[in-house]
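Undergrad: Residues in the sequence shown are numbered consecutively from 92, following this note's numbering. Pasting a structure below so you can have a look.
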Amino acid sequence: MLRTVLEMTVREGCEDEFRATWLETAEDAARLPGSIAQALLRDPRHHRTHLIMADWIDQAALEAFQNGPERERLSARLEPFRENAQKRVLELVQYVSATPSLKGDPS
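Structure (structure tokens):
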């Protein structure tokens, strides 16, 4: 599994519109072949800083997206909100899931 992580600073005053637009683009991206999940995180101390994360089944699926027309179309919808951004692609090495009794349920 690969995860793309885009750290993005959203233009001041555009945060709500950005999040609504991101949700629409994420729903479209989630339907693409090889897409596993889409996530948006926000820095609680710097509300304009967001992480846009997308999980892909493998390198081939990610490359198909990156080289296809959908990436350009989806990215173009978010471009008006972008003050700056930095992208990384990370490969999953290990994953540990919490057991149900450790997820905060006291019962």
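Backbone N, C-alpha and C define an ideal beta-carbon position, used for all residues, glycine too.
#1: Mark residue 165 as exposed unless 16 or more other C-beta atoms lie within 10 angstroms of its C-beta, in which case mark it buried.
#2: Going by DSSP, what residues sit across from residue 142 in a beta bridge?
#3: Quick one: what does DSSP say residue 166 is sitting in, helix, strand or coil?
#4: Can you tell which of 187, 169, 181 has its C-alpha closest to the C-alpha of residue 101?
#5: Is it true that the stretch 116-129 meets the stretch 151-165, where meeting means three or more beta-carbon pairs spaced less than 8 angstroms apart?
#6: For residue 162, which residues from the same chain have a beta carbon less than 8 angstroms from its beta carbon, with the 5 sequence-adjacent residues on both sides left out?
#7: Taking only three categories from DSSP, how would you classify residue 103?
#8: In chain order, what residues of the same chain have a beta carbon less than 8 angstroms from the beta carbon of residue 147, not counting five sequence neighbours either side?
#9: Using CA atoms only, rank isn't needed, just tell me which of 184, 188, 142 is closest to residue 176.
TA: A quick look at the data gives this:
#1: Looking at its Cβ environment, which holds 16 or more other Cβ atoms inside 10 Å, residue 165 is buried.
#2: 98, 132
#3: DSSP, reduced to helix, strand and coil, places residue 166 within a helical segment of the structure shown.
#4: 169
#5: yes
#6: 156
#7: Residue 103 sits in coil when the DSSP states are folded into three classes, being neither helix nor strand.
#8: 92, 93, 94, 95, 125, 126, 127, 153, 156
#9: It is 142 whose Cα lies nearest to the Cα of residue 176.
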